[in-house]
Amino acid sequence: MGKKTGFMEFDREYVQERDPIERTKDWNEYKDRISDEQTQRQGARCMDCSIPYCSMGTTIDGATTGCPVYNLIPEWNDLVYKGKWKEALDRLMLTNNFPEFTGRVCPAPCEGACTVAISDEAVAIKDIERSIIDKGFEMGWIQPRIPKRQTGKRVAIIGSGPAGLSAADQLNQAGHSVTVYERSERAGGLLTYGIPNMKLDKSVVQRRIDLLEAEGIVFVLNTEIGKDISADEIKESFDSVILCTGATKPFDLPISGRNLKGIHFAMDYLTQSVKETIGDSEADPELNAKGKNVIVIGSGDTGADCVATALRQGAKSVNQFARSLQFPFKREKLNAWPAYPKVFTLEYGHEEAKELFGEDIREYQIQTKAFIGTGDGQIKSLYTERAKKVRDDERRMIVYEEIADSGEEWEADLVLLAIGFEGAEDRLLSAFDLKTDRGIIDAEYGTFKTSQDGIFAAGDARRGQSLIVWAINEGREVAHEVDHFLMGKSILPTVLAV
2 MGKKTGFMEF
12 DREYVQERDP
22 IERTKDWNEY
32 KDRISDEQTQ
42 RQGARCMDCS
52 IPYCSMGTTI
62 DGATTGCPVY
72 NLIPEWNDLV
82 YKGKWKEALD
92 RLMLTNNFPE
102 FTGRVCPAPC
112 EGACTVAISD
122 EAVAIKDIER
132 SIIDKGFEMG
142 WIQPRIPKRQ
152 TGKRVAIIGS
162 GPAGLSAADQ
172 LNQAGHSVTV
182 YERSERAGGL
192 LTYGIPNMKL
202 DKSVVQRRID
212 LLEAEGIVFV
222 LNTEIGKDIS
232 ADEIKESFDS
242 VILCTGATKP
252 FDLPISGRNL
262 KGIHFAMDYL
272 TQSVKETIGD
282 SEADPELNAK
292 GKNVIVIGSG
302 DTGADCVATA
312 LRQGAKSVNQ
322 FARSLQFPFK
332 REKLNAWPAY
342 PKVFTLEYGH
352 EEAKELFGED
362 IREYQIQTKA
372 FIGTGDGQIK
382 SLYTERAKKV
392 RDDERRMIVY
402 EEIADSGEEW
412 EADLVLLAIG
422 FEGAEDRLLS
432 AFDLKTDRGI
442 IDAEYGTFKT
452 SQDGIFAAGD
462 ARRGQSLIVW
472 AINEGREVAH
482 EVDHFLMGKS
492 ILPTVLAV
């Protein structure tokens, strides 16, 4: 696929990002797409590798590698290289309902499994994906697809994140009447409220929501199941229900001083910031970093988004704490291709912080032991100790071992907890009387059936905290199962054995 010798002739080209200092002055996306010419050159780098590991979508050593929606990557790379943009778009849309989202915010596990990456930099798959979909919208190729038939069956989807939206899209095209319930003011779930504007502009999300509405999907906003409408009413009104509410219950850090003012969950902070950015809320001084010393606890993408948000709000200082080791600068032997490359990277927020403060603001192998407050109950500092991972000769982790006399105190006016999510919220689980497994809905991947007949679950609410691309996978697959449940057979595609 691509040009036979393209991977030898062309280097990896990266999209031009806006200046790190300048972009912290606004909330616009920090990078654009690569040019058409660059896209074609990158498509040319896709080699005829026989087995496209980039498309395999699996898990190796606990991390996703390859594309979970099984994108036909070599095929649309080849079409782009040949200048057949419309055909490339058609091929891309066969497997991915929302490439405009994954082309912006997916960590690109496909690139980690790219065969070129064995000895060179991977094909710029994520950038090519974004170029194809953005060009499709610009050229007017993407128009509402009105279903040609109606089955008379009604499906309720609870939650409008990527899993709920992809399930809704698939089932609507199958001819079912689909209603999506969302408790927030806008649809999109995590896409709208959990990801800052500089990574995913909300106009991009709304454009897709508008398209889905034009195709016949009904969105009921500001409506929470178990509060504004009962689960029984939902079950009585619909032939099937799919729960796609995400794993929004955050892990806490129940240590001394946790009740002090100024300590917040990261998602509460990011949600408030998004609402302020898009004009849905007035500024909340409690959840604003302006003039404050900010400490983010947690090393994942959510923590990095908190860093970038705090910088734009005018934080006095920002530090990010990670209990884990810093990743090495190149793959280690136990992290060999095609596993996802666990290597050191400078995310957009970290790059900005380094430019502003002159150094990397991340601290590794550090544990917060206590929050320290003022006399009036406000956070003023954190007490930490250093800890190291003790490994054997095979570099397998054995235990965290605290380092003696390593205690430090860090000034803090705002602390953001970004240490992950433990599962679905209790109100939803109670409303539907569902069987759970360690905080998530008990529903087997492949059938997606819950303990209640006719009720299915997909996405993070079923699998736990994961990637957007896995949510899209589960939305598509649960749609197939629900279609089969309603009709006795399904016309929807599936990658699973039926």
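Per the numbering used here, residue 2 is the first one in the sequence shown, and the count goes up by one each step. Cβ atoms here follow ideal geometry from the backbone N, Cα and C, with glycine treated the same way. All values derive from a computational prediction rather than experimental measurement.
{"query": "Beta-carbon spacing of N336, K317 below 7 angstroms", "result": "no"}
{"query": "Bridge partners - P251, DSSP secondary structure assignment", "result": "F422"}
{"query": "Segment contact flag, the region 118-133 with the region 154-165, C-beta cutoff 8 angstroms, min 3 pairs", "result": "no"}
{"query": "C-alpha gap between A215 and Q171, whole angstroms", "result": "14 angstroms"}
{"query": "Distance between beta carbons of F433 and K250, contact taken as under 8 angstroms", "result": "Not confirmed; about 16 angstroms, so no contact."}
{"query": "Cα-Cα separation, R150 to Y54", "result": "37 angstroms"}
{"query": "Spatially closest choice to I52 from A45, T40, I61 and G67, by CA coordinates", "result": "G67"}
{"query": "Rounded separation between K370 and Y384 - CA only", "result": "6 angstroms"}
{"query": "For Q366 and K389, believed in contact at Cβ under 8 angstroms, the rounded distance", "result": "6 angstroms"}
{"query": "Under 7 angstroms between C-beta atoms of S167 and I473", "result": "yes"}
{"query": "Buried versus exposed call for A498 [16 or more other C-beta atoms within 10 Å across all chains shown]", "result": "The predicted position of A498 is uncertain, since its pLDDT is 43 and thus under 50; a value taken from the coordinates is nonetheless stated next. Under this definition A498 is an exposed residue."}
{"query": "Limits of the unbroken alpha helix (DSSP H) element including L93", "result": "W86 to M94"}
{"query": "Nearest candidate by alpha-carbon position, reference G84, set C107, G3, H265 and R19", "result": "G3"}
{"query": "Cα-Cα separation between E112 and V297, rounded to whole angstroms", "result": "29 angstroms"}
{"query": "Which of helix, strand or coil DSSP assigns to E225", "result": "coil"}
{"query": "Assigned exposure category for S467 - 16 Cβ within 10 Å defines buried", "result": "buried"}
{"query": "Alpha-carbon to alpha-carbon, K355 and V221", "result": "43 angstroms"}
{"query": "Per-residue DSSP class, three states only, for A498", "result": "Because the pLDDT at A498 is just 43, under 50, the model does not fix this residue reliably, and the value given afterwards should be weighed accordingly. Three-state result, A498: coil."}
{"query": "Cβ-Cβ distance between I218 and N173 below 7 angstroms", "result": "yes"}
{"query": "CB contact check: P75 to chain C, cutoff 7 angstroms", "result": "Note that chain C does not occur in the displayed structure, where there is just one protein chain."}
{"query": "Cβ contact check for the region 13-31 and the region 187-198: 3 or more pairs under 8 angstroms", "result": "yes"}
{"query": "Cβ-based neighbour list, I469, same chain, cut-off 7 angstroms, excluding 5 preceding and 5 following", "result": "F102, T103, V106, C107 and P163"}
{"query": "Outcome for E475 when other beta-carbon atoms lying within 10 angstroms are tallied against a minimum of 16", "result": "buried"}
{"query": "Counted within 10 angstroms of its Cβ, other Cβ atoms place A284 as buried (16 or more) or exposed", "result": "exposed"}
{"query": "Coil, strand or helix - D414 by DSSP", "result": "coil"}
{"query": "Residue range of the alpha helix (DSSP H) that includes T369", "result": "Here T369 belongs to no alpha helix (DSSP H); instead the beta strand (DSSP E) covers I367 to G374."}
{"query": "Collapsed DSSP secondary structure at E14 in the structure displayed", "result": "coil"}
{"query": "Residues near D62 in its chain [Cβ-Cβ closer than 6 angstroms; skip 5 each side]", "result": "A340"}
{"query": "Anticipated Cβ contact below 8 angstroms, G181 with A188, distance rounded", "result": "According to the sequence as given, residue 181 is Val; it is not Gly. V181 to A188, Cβ: 7 angstroms. Contact."}
{"query": "Reference L435; option with closest CA among F99, L312 and A232", "result": "A232"}
{"query": "A388 - partner residues in DSSP beta bridges", "result": "E403"}
{"query": "Per DSSP, the bridge partner or partners of Y182", "result": "I159 and V221"}
{"query": "Per-residue DSSP class, three states only, for V483", "result": "helix"}
{"query": "K262 - partner residues in DSSP beta bridges", "result": "Q379"}
{"query": "Simplified DSSP state of F358, which is helix, strand or coil", "result": "helix"}
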